[in-house]
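Shown next, in structure tokens, is the structure this report addresses.
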Amino acid sequence: MSRGNILAGLLTVVALGACVAVYLHGANIPVLQPHGPVARGELWVMTVTLLLCAVVVIPVFVMLFSFAWMFRADRPRSRRWHMPDWDHYSVEMELIWWIVPSIIIAILSVIAWRSSHQYDPYRALGRGAPLEIQVVALDWKWLFIYPQQGIASVNMVEFPENVPVRFVLTADAPMNSFWIPSLGGQIMVMPGMTTQLNLLANDRGTYTGLSGNLSGRGFAGMTFAAQSVTQAEFDQWVASIHDTSLPLDSTSYKLLAKPSENDPVAFYAPVDSALYGQIVMKSMMPEHEMMQGMMQMPNGMMMNESSMP
Amino acid sequence: MSWSLIFGSLTWSVFPHNPIALFGAAVVVLGTIGAAWALSYLGLWRVLWREWFTSLDPKRIGVMYLIVASTMLVRGGIDALLMRAQQATSVGASQGILTAEHFQQIFSAHGSIMIFFVAMGMMFGIINLIVPLQIGARDVAFPFLNSVSFWLFAAGAILINVSLVLGDFSAAGWLSYPPLSELAYSPTSGVDYWIWSLQIGGIGSLLSGINFLVTIIKMRCTGMTYMRMPMFVWTVLGAMALVVFAFPILTATLALLSLDRTLGMHFFTAGGGGNMMMYVNLIWAWGHPEVYILILPAFGIFSEVVPVFSAKKLAGYTSMVLSVVGIVFLSFTVWLHHFFTMGAGANVNAVFGIMTAVIAIPTGVKIFNWLFTMYRGRIRFEAPIQWFMGFVVLFTLGGVAGVLLAEPPADYQLHNSLFLVAHFHTMIVSGVLFGYFAGIVYWFPKIFGFTLDRVLGRRAFWLWLVGFVLAFGPLYILGFMGATRRIDHYAASTGFQPLFLVAGVGALLIAGGFAFQIAQLVRSIRQRELHRDTTGDPWDGHTLEWSIPSPAPFYNFAVLPIVHARDAFWAMKRGRVPYQTHGFEDIRLPKNSALGILIAGFVLVLGFAVVWHIWWLALAGVVGAISVIVMRTFDEDTEYTIPASEVMRHDASVRHGIHTI
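One line per chain: the protein sequences are A and B, in this order.
With numbering that gives the first Met the number 0, letter number 267 in the first sequence gets 266, and the count goes up by one each step, no holes.
With numbering that gives the first Met the number 0, letter number 166 in the second sequence gets 165, and the count goes up by one each step, no holes.
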């Protein structure tokens with residue numbers, strides 16, 4: 000390792016860093032450009048964690064390169080400095096290597112505990128009643144059911160800005176994961192089970208929604224548009240779907256649920272209010288029993304139960 | 000008799016159809032035929048069979064592990080290049096070079112192969128080569144079991160490659176989460192290939208784990224107390240304890256999944272009372288310790304090479320031991336962090352997040368101790384130290400990414416993204432693989448009698464390092480951009496493509512790095528007389544393996560050493576403690592046996608037969624394997640003796656410029 004080599008190495012790193020910076024300037028990086036309190040909080044957790052880790056990482060890098068440089072064998076002084084048996088510094092010093100990282104991890108643990116509760120996907124956002132949207136992952140598309148509005152949409156979800164949205168999710172297909180990076184982190188969806196994700200958009204805009212977990216052939220095409228609009232635009236949108244769409248009941252759902260790839264956006268209205276519950280219960284019992292069972296159940300019971308407390 | 004009774008579900012349609020898959024099949028078939036022909040032409044079959052395939056010498060078995068693992072590294076590497084090519088080109092209107100299903104098979108195979116047959120293979124290879132030498136033993140505790148383990152590992156590797164020729168491979172990811180991996184969604188035999196190749200290889204690993212655990216506990220030479228063991232042996236002890244506790248979980252989980260698929264049961268299915276979350280928990284209850292099974296020996300290798308090339312004792316030996324033991328226990332308490340997003344409550348997620356962060360403490364302590372080993376040393380920048388420095392830089396950064404992922408709310412935004420993929424590749428490539436490479440360069444002369452070429456090794460290192468940064472740096476950024484893992488196609492508007500192209504260039508550089516390693520090996524073999532290690536101790540080593548001639552004789556130690564200090568051989572060289580002066584004695588060693596390869600052969604037949612539902616053949620496999628095992632138990636003449644005089648004569652012939660004992 001000569002001085003020239005080190006200089007060349009440093010220059011390369013700087014040049015690479017500059018290229019990355021130029022490239023990323025103006026790029027769309029949703030996780031780093033949050034549009035809602037959840038994504039913002041999650042980014043905050045990342046930032047704090049990163050800074051705390053730097054307390055350990057920077058000394059490690061400084062020590063690695065300076066020790067490598069100072070104590071290289073071809074340096075004349077190295078013979079004089081050499082202490083081959085120095086293997087055990089004082090207990091106090093050794094304790095430092097245990098205690099410093101431990102303190103950082105202790106701080107991180109507090110953050111982990113508090114933030115896990117604060118950004119618990121099941122935790123309701125804000126005081127007002129949330130807009131509930133039922134989500135069904137299908138092969139290979141997303142079905143969104145609005146139980147309060149009686150409409151449904153495929154591969155597109157719309158909600159008013161600054162209104163808490165409660166996604167209640169299941170799958171009628173292999174396990175998947177529901178993710179709108181601009182608004183906040185993901186939750187898994189599984190057949191026969193219900194999970195929840197509470198999100199809120201502060202800004203109007205169209206955000207990309209993703210399918211996170213491999214679910215088979217068409218999974219890469221399972222993206223959807225998540226649109227945050229004004230309340231008036233949202234109401235208008237709901238009304239227009241009621242005017243123009245076909246109903247979604249168990250028959251049309253069966254057609255929809257057939258595997259298909261890269262599906263265009265589609266709308267349904269009105270929607271059978273028991274449909275979501277039927278989908279969740281589908282794998283629990285044979286179909287004829289299910290229909291009987293569902294009739295005896297109080298309406299909406301499924302939706303308020305989560306598979307994991 | 001009907002077709003299906005004889006051939007199960009095998010039909011003519013199982014041969015690959017599309018050109019790339021056909022090419023893969025052709026490579027496997029022609030490669031096998033070519034290799035077989037070359038061996039016949041050179042007349043090597045007899046030598047191979049007598050000296051290698053039937054050998055119970057852990058050094059021979061170790062070399063065979065490394066050869067299989069390197070071959071599988073090529074296979075997994077080609078898979079990686081195909082994935083990079085697909086993701087770099089499949090944007091917007093272009094569908095890339097692969098179909099979605101083929102792409103999914105390729106990444107499933109890549110992950111399974113790299114973990115089970117490359118990383119595990121290299122690990123067991125190095126352990127076989129070095130652990131008996133470092134503890135002053137002539138063999139492992141159960142030499143025949145060792146052969147069975149290796150051949151089961153090889154059988155698993157063969158079965159996973161058979162899927163290139165007959166049928167398809169799993170397209171459900173390297174851990175095959177149900178219900179995607181269940182019959183309802185994966186009706187072909189692909190997932191069965193996955194189950195059975197991992198099951199067979201995994202049982203081999205479990206048996207090896209037991210073997211080396213007992214070897215380290217029972218076979219250490221006189222005077223080698225636990226606190227005098229070389230750090231590599233300590234880490235292997237930890238890793239093997241993990242193998243013994245973790246691999247049975249894998250075996251059981253795979254067995255349950257295969258019962259679902261083969262006999263129509265409902266352990267993990269979507270309906271019928273199955274619970275897919277149970278599978279995810281079980282597979283990671285094995286999967287997380289597995290990460291530490293792989294990384295601990297790499298830590299051990301660094302703990303050997305840093306002191307040797309710094310001409311110093313390892314700093315903080317006791318701390319290092321404590322951190323190994325700590326990691327072993329903690330590694331069983333964090334598995335849930337692989338699925339924070341599954342919807343567990345905040346308390347559960349927080350506890351597992353905290354436990355995950357806690358593991359960073361012993362790991363950090365290790366890094367500080369390596370750095371303070373360099374402090375006031377005389378550092379020689381040989382290849383192992385290069386790999387070490389590359390490891391510290393990348394592994395520390397990857398570790399930070401890991402701490403980020405350990406915070407559940409951060410994980411919600413990063414899970415299933417390419418950030419995660421970049422993180423675990425940083426840990427496994429720059430942690431595990433760099434460590435094993437350092438170990439291979441370091442111990443190569445002890446096994447083969449000559450050192451590896453420096454110039455080509457240096458080029459290989461820089462290509463790996465730069466290639467790695469280019470291949471995985473962009474993936475971290477892509478994760479923030481919302482690129483999920485395993486996508487075979489994406490929209491042009493995402494802006495992913497330039498980063499995928501850079502990652503592709505990085506992958507090519509890594510391939511170049513591997514090519515230089517092959518070239519290094521070839522050149523070193525051709526110029527072996529130049530690089531001959533006549534002293535047995537080319538690096539001024541600290542531990543017992545350097546006290547014997549290179550290459551290590553088949554009986555390892557002509558006279559079993561007596562250890563008086565940590566860094567036993569260094570202490571002897573520096574006159575701190577006396578050399579061993581006892582006389583020669585008769586040595587008993589195990590005879591070669593063909594039964595290990597035979598057992599694995601029958602198990603391979605069993606695996607293949609179950610994949611294709613050929614029940615008569617499966618039965619033949621089971622009966623065959625059990626018969627051979629029973630046969631072995633009746634064989635009482637399994638050892639031979641080398642008389643003391645013969646040991647003395649052989650020792651004199653291989654000992655030239657070596658310290659006399």
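Cβ atoms here follow ideal geometry from the backbone N, Cα and C, with glycine treated the same way.
(message) Applying the 10 Å Cβ sphere with the 16-neighbour rule, what's the burial state of Tyr225(B)?
(response) Counting of Cβ neighbours within 10 angstroms places Tyr225(B) among the exposed residues, the total staying below 16.
(message) I need the DSSP call for Glu638(B), collapsed to helix, strand or coil.
(response) Note: Glu638(B) maps to strand in three-state DSSP.
(request) Identify, in the order they occur along the chain, each residue of the same chain with its Cβ nearer than 6 Å to the Cβ of Pro180(A), setting aside the five sequence neighbours on each side. (result) Pro29 and Val30
(message) Give me the residue from His337(B), Lys312(B), Ile66(B) and Phe418(B) with the minimum Cα distance to Asn368(B).
(response) Lys312(B)
(message) Going by beta-carbon coordinates alone, are Gly448(B) and Ser309(B) separated by less than 8 Å?
(response) no
(message) 8 Å is my cut-off, CB to CB: does Trp216(A) come that close to chain B?
(response) Inspection of the sequence shows that residue 216(A) is occupied by Arg rather than by Trp. For Arg216(A), the answer is yes, since a Cβ of chain B falls inside 8 Å of its Cβ.
(request) Could you tell me which chain A residues have their CB closer than 8 Å to the CB of Asn368(B), listed as they occur along the chain? (result) Trp96
(request) Look at Phe246(B) and Gly201(B) and say whether their C-beta atoms are less than 8 Å apart. (result) The answer is yes: Cβ separation under 8 Å.
(request) In angstroms with no decimal places, state the Cα-to-Cα distance between Glu645(B) and Trp150(B). (result) 32 Å
(request) Could you confirm whether any beta carbon from chain B is found closer than 8 Å to the beta carbon of Met45(A)? (result) yes
(request) Output yes if chain A places a C-beta closer than 8 Å to the C-beta of Glu303(B); else output no. (result) no
(message) So, under 8 Å CB-CB, Pro186(B) and Leu256(B) are touching, yes? Tell me the CB distance rounded to an integer number of Å.
(response) In this structure Pro186(B) is not in contact with Leu256(B), their Cβ atoms being roughly 15 Å apart against a cut-off of 8 Å.
(message) Is there a C-beta anywhere in chain A that falls below 8 Å from the one on Ile660(B)?
(response) Any reading at Ile660(B) must be qualified, since the residue scores a pLDDT of 45, below 50, and its modelled position is unreliable; the value itself is stated next. False, the Cβ-Cβ gap to chain A never drops below 8 Å.
(request) Take Thr70(B) as the anchor and find which of Thr425(B), Ser1(B), Leu21(B) and Ile159(B) has the nearest alpha-carbon. (result) Ile159(B)
(request) Using only alpha-carbon positions, find the residue among Ser282(A), Ile132(A) and Ala225(A) that is nearest to Thr205(A). (result) Ala225(A)
(request) Within 10 angstroms of the Cβ of Thr395(B), are there 16 or more other Cβ atoms? Answer buried if so, exposed if not. (result) buried
(message) Is there a Cβ of chain A sitting closer than 8 Å to that of Glu406(B), yes or no?
(response) yes
(request) Indicate the three-state DSSP secondary structure (helix, strand or coil) for Arg587(B) in the structure shown. (result) strand
(message) What would DSSP say about Glu91(A), mapped onto helix, strand or coil?
(response) helix
(message) Using beta carbons (cut-off 8 Å, strictly below), is Gln295(A) in contact with chain B?
(response) The predicted model places Gln295(A) with a pLDDT of 48, which falls under 50 and marks its position as unreliable; any figure quoted below should be read in that light. Not closer than 8 Å to any Cβ of chain B, the Cβ of Gln295(A) fails to qualify, so no.
(request) Just mark Trp139(A) as buried or exposed, buried being the case when its beta carbon has 16 or more other beta carbons within 10 Å. (result) buried
(message) With distance defined between alpha-carbon atoms, name the residue in Asp566(B), His612(B), Pro552(B) and Ser626(B) nearest to Asp650(B).
(response) Pro552(B)
(message) What does DSSP give as the partner residue(s) for Thr194(A) in the beta ladder?
(response) Answer by DSSP bridge pairing, in chain order: Leu168(A).
(message) Considering only their Cβ atoms, is the gap separating Ala151(A) from Leu247(A) smaller than 8 Å?
(response) yes
(request) Decide if the segment 224–242 of chain A is in contact with the segment 191–206 of chain A; the criterion is three or more beta carbon pairs, one per stretch, under 8 Å apart. (result) yes
(request) Tell me where the alpha helix (DSSP H) around Ile186(A) begins and ends. (result) Looking at the DSSP string, Ile186(A) is not in any alpha helix (DSSP H); the run it does join, the beta strand (DSSP E), is Gly183 to Val188.
(request) Measure from the C-beta of Ala99(B) to each C-beta in chain A and report whether the shortest distance is under 8 Å. (result) yes
(request) May I have the straight-line CA-CA distance separating Gly600(B) from Ala619(B), to the nearest angstrom? (result) Using only the alpha carbons, I get a separation of about 11 Å.
(request) Would you kindly report the start and end of the unbroken beta strand (DSSP E) that includes Val135(A)? (result) Leu130 to Leu137
(message) Please tell me whether Trp236(A) has its Cβ less than 8 Å away from any Cβ of chain B.
(response) no
(message) By alpha-carbon positions, which one of Phe116(B), Asp452(B) and Ser148(B) ends up nearest to Glu528(B)?
(response) When C-alpha distances from Glu528(B) are compared across Phe116(B), Asp452(B) and Ser148(B), the shortest belongs to Asp452(B).
(message) Per DSSP, what are the beta-bridge partners of Phe223(A) in this structure?
(response) For Phe223(A), DSSP records a beta bridge to Gly208(A).
(message) Does the segment 346–354 of chain B come into contact with the segment 405–415 of chain B, if we say contact requires no fewer than three beta-carbon pairs (one atom in each stretch) closer than 8 Å?
(response) yes
(request) Report the option in Met571(B), Val13(B), Ile598(B) and Phe556(B) whose CA atom is closest to the CA atom of Gly582(B). (result) Phe556(B)
(request) Quick one: which unbroken alpha helix (DSSP H) runs of 4-plus residues sit fully inside the segment 140–171 of chain B? Chain order, please. (result) 142–164
(message) Less than 8 Å between CB atoms is the rule here; does Gln185(A) satisfy it with respect to chain B?
(response) yes
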